[in-house]
Each structure stands twice: as C-alpha cells, then as structure tokens.
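> Please see the structure below; I have some questions.
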Amino acid sequence: MRVPFVQQDERLAPVALVTGAARRIGREIALDLAQYGFDIALHYRGSESDAEATAHEIRALGREVHLFDADLADPDAATDLVAQTLSAFGELGVVVNNASIFERDDWDSVTRESWSSHMAINLESPLRIIQAFAKALPDDKNGVAVNIIDQRVFNLTPHFISYTASKSGLWTLTRTLALALAPQIRVAAVGPGPTAPSIRQNMADFDQQWNAVPLKRRTEPTAIAKAVRFIIQSPSYTGQMIALDGGEHMGWQQAGLGCYIEE
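Residue 200 in my numbering is what sits at position 214 of the sequence shown, and the numbering runs on without skipping anything.
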C-alpha cells in the first residue's frame, strides 16, 4: 500500500538513489521510500535476481524504478551512477550510500588490496556520489544525502582495521560535507548495530552478539529504513548520525571483560 509522504520540503525531488539496494538493509530502505512516494534508482552489484525481485515490489507500490549494476570500487562508476539516474528520471532529490564491504583484518593482516577496496567502496564512492549529486542539483532544488555507517565508529575495537577506518572516514566526511553543502543539501547518517548474521557467523554467534548489547535486541532493517526517512523528513537535521544499535555504541558488557564476539 502506498502511503502519502509527509513532505517537509517542496524543493526536494521525490527520486532517491539507493546503493546496495538489492538485499538486506538497502532493500528495506528502497521499499520504504517507494511506499512513501519516492521513485527509486536501485543500485546493485552482481545480485541481479535479488535486484529484480526488489524492483518488482517497488513497481507493485506504483512507483518507477530503474536498476543499475555498478562496481563502486571504481570511482568513475560512482560518478556515472548519478548521471545515469538523472538520465532515467530527469531529477534526483535523495542519495542513500548504503553499499559497503565488511571484511575482517587486524593490524598484522591488513593488505594493500583490503585497505584499498574498503576505502574505495566505503569511503570514496559515497564522496563521488554526493559530489556528482551536488554539482548536478539545480539552484532552485534542495537535496539530502544519507550515509549508512556503523555504530563501531563510536565504539572502537582492535579488529576490522580497514573497515573501521573507512567507516570512521565516512563519519568525518558526513560532517564535513554537511558544512560544505549547507544550506542546499543536508548530509547525515545512520549507524546500525547487529542486524543480521555475517558470512562468518552462525545463528548462535549472532544471538550472542545482539544479546550482549544493553537493550538485548537486534536492529531490524525496517527500523534503519524508518531512520533514513526521518532524516529526509526533518529539514533541520544535518551533520549527525543516528545510532540504531540497542545501545551498543556505549560499549558491550563483554568489552569490559576483554572478550571478543566473532562477527
């Protein structure tokens, strides 16, 4: 069912580009925005069948959707993604940088390849997308950019060095661009906590992880989608990050015991 969008900014075009939108969090963000009246530029990388399934659901909501397969490790592909969206829809009001890679490395196992790929996809591609978006935005229009980061930038661990560094950079970039692009474009972020098992976890590992956070509950992808919509609907909100993590950013109970939960 399509729900009327409570539009707080008449200068915001109802078209959203969501990266990594074929599955999981990105899928929920795309579907939520479509339900509330946005046409969707749906980016994916390789997962064509999942992307088509998500697009089918978006069309069932009465919204227009175009699919774009792009490797965001290539900065030119990130820039081209904005151009392709504008070519397809003629306008763009919102970008959601959700696409990400999450691979474990520690101080003694970081490779040049791991570092470069995390920085390219998790940090440079959001920069290039927002940069292209800002350059193309007409003077009489406003825009919103939402970066999906991670609560761990508030709660550092000695693991996942490349990933954490890239997401910490994205948090700094969020605040820097919020200043640079104001008042025309607002830039904010959402920092999820445990949402779904990683490829290294079984369900028991994941249950142990979310049971360790203060609220003892996982973060539902639908809640992240609602947070993105809150940012879009809140014209005074910029340069901040909503930590949707059950309180994980305040520190796990295990952290004080020197324990580590496999992610």
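For each residue, glycine too, the CB sits at the ideal point set by N, CA and C.
For Tyr149, does the three-state DSSP call read helix, strand or coil?
Per DSSP, reduced to three states, the secondary structure at Tyr149 is helical.
> Suppose contacts are defined by Cβ-Cβ distances below 7 Å. Is Asp(-5) in contact with Pro221 by that definition?
Yes, the Cβ-Cβ distance between Asp(-5) and Pro221 is below 7 Å.
> Which word fits Lys121, buried or exposed, when buried means at least 16 other C-beta atoms lie within 10 angstroms of its C-beta?
exposed
> Got a sec, what are the start and stop residues for the alpha helix (DSSP H) Thr207 sits in?
Going by the sequence as given, residue 207 is Pro instead of Thr. For Pro207, the enclosing alpha helix (DSSP H) has its first and last residue at Pro207 to Gln219.
> Do Pro207 and Glu14 have their C-beta atoms closer together than 7 Å?
yes
> Note down the Cα distance separating Leu167 from Pro0, rounded to an integer number of angstroms.
20 Å
> For Asp25 and Gln226, what's the separation of their Cα atoms in angstroms?
Each residue's CA atom was taken as its position, placing Asp25 and Gln226 some 25 Å apart.
> Less than 6 Å between C-beta atoms, sequence neighbours within five positions excluded: which residues of the same chain meet that for Pro169?
Excluding sequence neighbours, Pro169 sits near nothing in its chain.
> Quick one: is Leu67 buried, meaning 16 or more other Cβ sit within 10 Å of its Cβ, or exposed?
Burial call: buried.
> Considering only residues of the region 75 to 125, which uninterrupted alpha helix (DSSP H) runs meet the minimum length of 4 residues and lie entirely inside it, listed in chain order?
98 to 104 and 111 to 122
> Using a 10 Å radius around the Cβ and a threshold of 16 neighbouring Cβ atoms, would you call Asp126 buried or exposed?
Per the 10 Å Cβ criterion, exposed.
> Can you say whether Arg45 is buried or exposed, counting buried as having 16 or more other CB atoms within 10 angstroms of its CB?
Looking at its Cβ environment, which holds fewer than 16 other Cβ atoms inside 10 Å, Arg45 is exposed.
> Taking just the CA atoms, how far does Ala8 sit from Gly76?
23 Å
> Could you name the residues of the same chain whose beta carbon sits closer than 8 Å to that of Ser33, not counting the 5 residues immediately before and after it, in chain order?
Ala8 and Arg9
> Considering only the beta carbon of each residue, do Glu112 and Asn133 sit closer than 7 Å?
With the sequence shown as reference, residue 112 is identified as Pro, and Glu is not the correct amino acid for it. Contact flag set, yes.
> Sort Asp94, Leu165, His145 and Tyr30 by Cα distance to Asn84 and report the nearest one.
In terms of Cα proximity to Asn84, the closest of Asp94, Leu165, His145 and Tyr30 is Tyr30.
> From what residue to what residue does the beta strand (DSSP E) around Ala27 run?
Looking at the DSSP string, the run of the beta strand (DSSP E) that includes Ala27 is Asp25 to Tyr30.
> Can you tell me which residues form a DSSP beta bridge with His52?
Ala27
> If distances are taken between C-alpha atoms only, which option among Ala16, Arg49, Gln137 and Thr143 comes closest to Arg80?
First, the residue type needs correcting, since residue 80 is Val and not Arg in the sequence shown. Nearest of Ala16, Arg49, Gln137 and Thr143 to Val80, Cα basis: Ala16.
> So, is Pro180 buried or exposed, given that buried needs 16 or more other C-beta atoms within 10 angstroms?
With 16 or more other Cβ atoms within 10 Å, it is buried.
> Whole angstroms is fine: what's the gap from Ser148's alpha carbon to Phe88's?
9 Å
> Given this structure, state the Cα-to-Cα distance separating Gln187 from Val199, to the nearest angstrom.
For Gln187, the predicted structure reports a pLDDT of 49, less than 50, and the residue's modelled location is therefore unreliable. A value from the coordinates is still provided. Roughly 17 Å separates the two Cα atoms.
> Helix, strand or coil: how does DSSP classify Pro200 here?
coil
> Which class does Leu47 belong to by DSSP, given the choice of helix, strand or coil?
coil
> Just verifying my parser: in three-state terms, what is the DSSP assignment at Pro178?
strand
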